[in-house]
Structures are given as structure tokens and as C-alpha cells.
Amino acid sequence: MASRLRTGVVGAGVFGGHHARKHRDAPRINLAGIYDLDPVRASALAAEIGVCAYGSYRDLLDDVDAVTIAAPAPAHFRMAAGAIAAGKHVYVEKPLALRLPDADALVAAAEENGVVLQVGHQERFVLAAMGLPRGDQAPLSLEFGRAGPPTGRGEEVAVALDLMIHDLDLARLFGFMNPVKVDACGSYDETVATLMFEGGRTASFVASRRADERARRMKAVYADGVIEIDFLNRTIRNETAAPLAANDFAAGPAALADPLGASVDAFVASVLDGKRAIVDGKAGRGALEWALLVEDAREALGVARKRA
Numbered sequence: 133m134a135s136r137l138r139t140g141v142v143g144a145g146v147f148g149g150h151h152a153r154k155h156r157d158a159p160r161i162n163l164a165g166i167y168d169l170d171p172v173r174a175s176a177l178a179a180e181i182g183v184c185a186y187g188s189y190r191d192l193l194d195d196v197d198a199v200t201i202a203a204p205a206p207a208h209f210r211m212a213a214g215a216i217a218a219g220k221h222v223y224v225e226k227p228l229a230l231r232l233p234d235a236d237a238l239v240a241a242a243e244e245n246g247v248v249l250q251v252g253h254q255e256r257f258v259l260a261a262m263g264l265p266r267g268d269q270a271p272l273s274l275e276f277g278r279a280g281p282p283t284g285r286g287e288e289v290a291v292a293l294d295l296m297i298h299d300l301d302l303a304r305l306f307g308f309m310n311p312v313k314v315d316a317c318g319s320y321d322e323t324v325a326t327l328m329f330e331g332g333r334t335a336s337f338v339a340s341r342r343a344d345e346r347a348r349r350m351k352a353v354y355a356d357g358v359i360e361i362d363f364l365n366r367t368i369r370n371e372t373a374a375p376l377a378a379n380d381f382a383a384g385p386a387a388l389a390d391p392l393g394a395s396v397d398a399f400v401a402s403v404l405d406g407k408r409a410i411v412d413g414k415a416g417r418g419a420l421e422w423a424l425l426v427e428d429a430r431e432a433l434g435v436a437r438k439r440a
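For the sequence shown, the tail end lands on 440 under the numbering used here, and the numbers increase by one without skipping.
The following block contains the structure:
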């Protein structure tokens with residue numbers, strides 16, 4: 133079993149840069165280099181990190197054991213499929229793909245080729261560090277808000293597949309499955325959605341790329357009280373009877389301060405140590421399914437309003 137993982141990062145944008153720095157600093161990673169369709173951008177990031185800029189994706193794949201794909205979302209499926217077919221382990225940023233058949237194909241290919249497929253839903257590592265979800269009971273309802281001003285990033289897909297998909301994944305982590313009804317309204321860049329489940333449980337979501345200020349928050353309502361987390365301002369309020377594993381972002385585990393780093397470390401552990409991927413392809417596929425349900429509901433409402 134190898135002691136270090138030789139990796140490459142695909143995508144030299146803002147998030148590709150974040151990943152490349154984590155790979156450079158990770159104790160069990162040898163970062164081979166960067167690939168981007170824009171060779172100037174790839175060269176600039178590679179020079180900053182101190183690695184090679186590859187002129188082709190195939191050349192990068194030939195030199196590595198694993199890749200992180202932080203390219204624009206429409207490229208995720210094609211690049212992940214190519215890496216898996218070449219027998220490489222893959223960490224792909226969300227969304228896993230843009231269509232469910234493509235997501236299913238990636239999950240099946242990873243299983244067939246015996247490689248790790250991890251999806252970049254880093255908020256799971258934050259909740260895990262807090263000891264969430266609770267093991268004794270599930271929430272009665274969940275509320276999520278995720279917003280920020282325009283950045284130009286991620287806008288090749290609707291906000292439900294860009295921002296909201298993180299929170300959809302967290303709702304699934306809390307055990308909310310098989311919604312019986314999905315309501316959504318808004319626009320490509322600002323969407324409000326409510327998912328209803330058997331027994332009257334609900335999960336509501338607000339996501340915006342056109343807000344004046346940034347926000348990232350979650351509220352879980354339990355039979356014995358409320359847990360509220362402000363991920364941006366780094367505060368936790370627990371009014372339930374169950375203590376959390378961590379009540380303070382500053383004093384808690386490293387994953388609270390650096391969820392991306394924690395997710396990269398988990399990917400390495402999955403590949404080198406055989407540990408189960410915390411956010412595997414099936415989890416990414418589930419989050420994508422719900423994001424597409426939200427988009428379908430939003431678009432259907434828009435069509436109905438035009439006809440009315």
C-alpha cells in the first residue's frame with residue numbers, strides 16, 4: 133500500500149486554487165500539477181503552487197493516481213468519466229453531474245473500476261465535527277439559508293445546483309428521504325423551495341446569488357428544542373437536551389475551521405487506507421436528484437404563471 137497519493141487538480145479558477153493549496157500542504161499528497169483549458173491560467177496557478185502545468189488532460193492522468201475536478205459544472209461528468217475509465221480515483225466538486233443518468237453512470241463506473249469517487253459536499257464534515265446528526269432522534273423540520281452577492285462563479289448552472297445543493301445534501305444527511313411534495317419559486321439565481329415528507333416533516337431552503345450580504349445558516353427543530361448554526365459568523369446555539377460534540381467553532385475540531393481540508397484528508401484516507409468515503413458518489417447523486425426536483429418545480433411554476 134502506497135504511503136502517499138500522487139494527485140492532479142483540474143481547474144485553475146478560484147476553487148481549483150483552494151484545492152491545489154490543500155493538496156500542496158497535505159502530508160500524504162504529492163501534487164503533480166494543474167490542468168485547465170486556459171493554459172495561461174493553469175500556468176499562473178502552477179507557478180504559485182510550485183508544480184507543473186499540464187498541456188492536456190490525458191498527460192495529467194498518465195502521471196497521477198487521483199484527480200480533483202474543480203472545473204465548471206458542465207465539465208464534471210466528462211472529466212470524471214475519463215479519469216475513472218483510466219483507473220484513477222476521483223474527487224469531484226458538486227454537482228456530481230448535471231443529469232441523473234450521468235451521475236448513475238459515474239457511480240457504476242467507479243464501482244466497476246474499483247476506484248474512490250468522492251463529491252465535494254464539505255458541510256458534512258462541519259456537522260460531523262459537531263456530532264450531528266443526533267443519534268437519538270431526527271428533526272421535525274429543517275431550515276436553510278445560503279446567499280451572497282454575484283461572484284461570476286458557478287453561474288453556468290441554476291442556483292439550486294450551485295448553492296442550494298449543499299443544503300439539500302445536509303437534509304438528506306439528517307435522514308429526510310423521499311419527499312412527497314416539492315414546491316419552489318424564484319429565478320435562475322434566487323430560489324426558495326420547500327420539500328414535504330411523510331408525517332408532516334418539512335425542509336425549507338433559500339438560495340441566492342444576488343443578495344447584498346453573504347449568509348449561511350441552518351436551523352433544526354427537534355421535539356426537545358432547536359439547534360441553530362450560523363456557518364458564516366461561526367456561532368452555534370443549542371437549546372435541545374442533547375449536548376453537541378463541539379459547541380464552539382474556534383475551540384472545536386479542525387474540520388470546523390477547515391472543512392475543505394478535512395474533505396481532502398478524508399479522500400486520501402479512502403484511497404490509501406480503504407476507509408469509507410464520507411460523501412460518496414451515491415450521496416452526490418442523491419443531492420443532484422433533489423436539486424433537479426427543485427428546478428423542475430420552479431420551472432413548472434414559471435410556466436403555469438405565464439399561462440395564467
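A virtual CB, placed ideally from N, CA and C, is assigned to each residue, including glycine.
Roughly how many angstroms separate the alpha carbons of residue i and residue j, rounded to a whole number?
| i | j | result |
| --- | --- | --- |
| K414 | V239 | 7 Å |
| V396 | V196 | 16 Å |
| E287 | V172 | 22 Å |
| V353 | I361 | 12 Å |
| G434 | S319 | 9 Å |
| A394 | V314 | 32 Å |
| A217 | V358 | 46 Å |
| L327 | S336 | 6 Å |
| E322 | R417 | 23 Å |
| V400 | L274 | 32 Å |
| F276 | V338 | 6 Å |
Should residue i go down as buried or exposed, given a rule of 16 or more other Cβ atoms within 10 Å for buried?
| i | result |
| --- | --- |
| P281 | exposed |
| A134 | exposed |
| T75 | The displayed coordinates of the chain run from 133 to 440. Any statement about residue 75 would go beyond what the structure contains. |
| K226 | buried |
| V312 | exposed |
| R278 | buried |
| K407 | exposed |
| R443 | Only positions 133 to 440 of the chain appear in the structure, and residue 443 is not among them; the question remains open. |
| E421 | exposed |
| D170 | exposed |
| D294 | buried |
| T367 | exposed |
| S188 | exposed |
Assuming the contact rule is C-beta atoms closer than 8 Å, residue i and residue j should be a hit. Round their C-beta distance to whole Å, please.
| i | j | result |
| --- | --- | --- |
| H221 | V247 | 5 Å |
| A144 | I166 | 5 Å |
| L249 | A198 | Going by Cβ atoms, the distance from L249 to A198 rounds to 11 Å, so no, they are not a contact pair. |
| F363 | R348 | 4 Å |
If you measure from the CB of residue i, is any heavy atom of the ligand MG nearer than 8 Å?
| i | result |
| --- | --- |
| G182 | Only the bare structure without any ligand can be found here, which leaves the ligand MG out of the picture. |
Measuring CB atoms only, is the region 372-392 touching the region 258-268, in the sense that at least three cross pairs come out at less than 8 Å? yes
For the region 200-283, which segments carrying the beta strand (DSSP E) assignment without a break, of at least 3 residues, lie completely within its bounds, in sequence order? 221-224, 249-251 and 273-279
At a cut of 8 Å, does the region 264-276 reach the region 225-245 through at least three beta carbon pairs? no
Does the pairing of the region 200-219 with the region 173-183 give three or more beta-carbon distances under 8 Å? no
So, do the region 376-383 and the region 306-318 have three or more beta carbon pairs nearer to each other than 8 Å? no
Going along the chain, which unbroken runs of the beta strand (DSSP E) with 3 or more residues stay wholly within the region 359-408? 367-370
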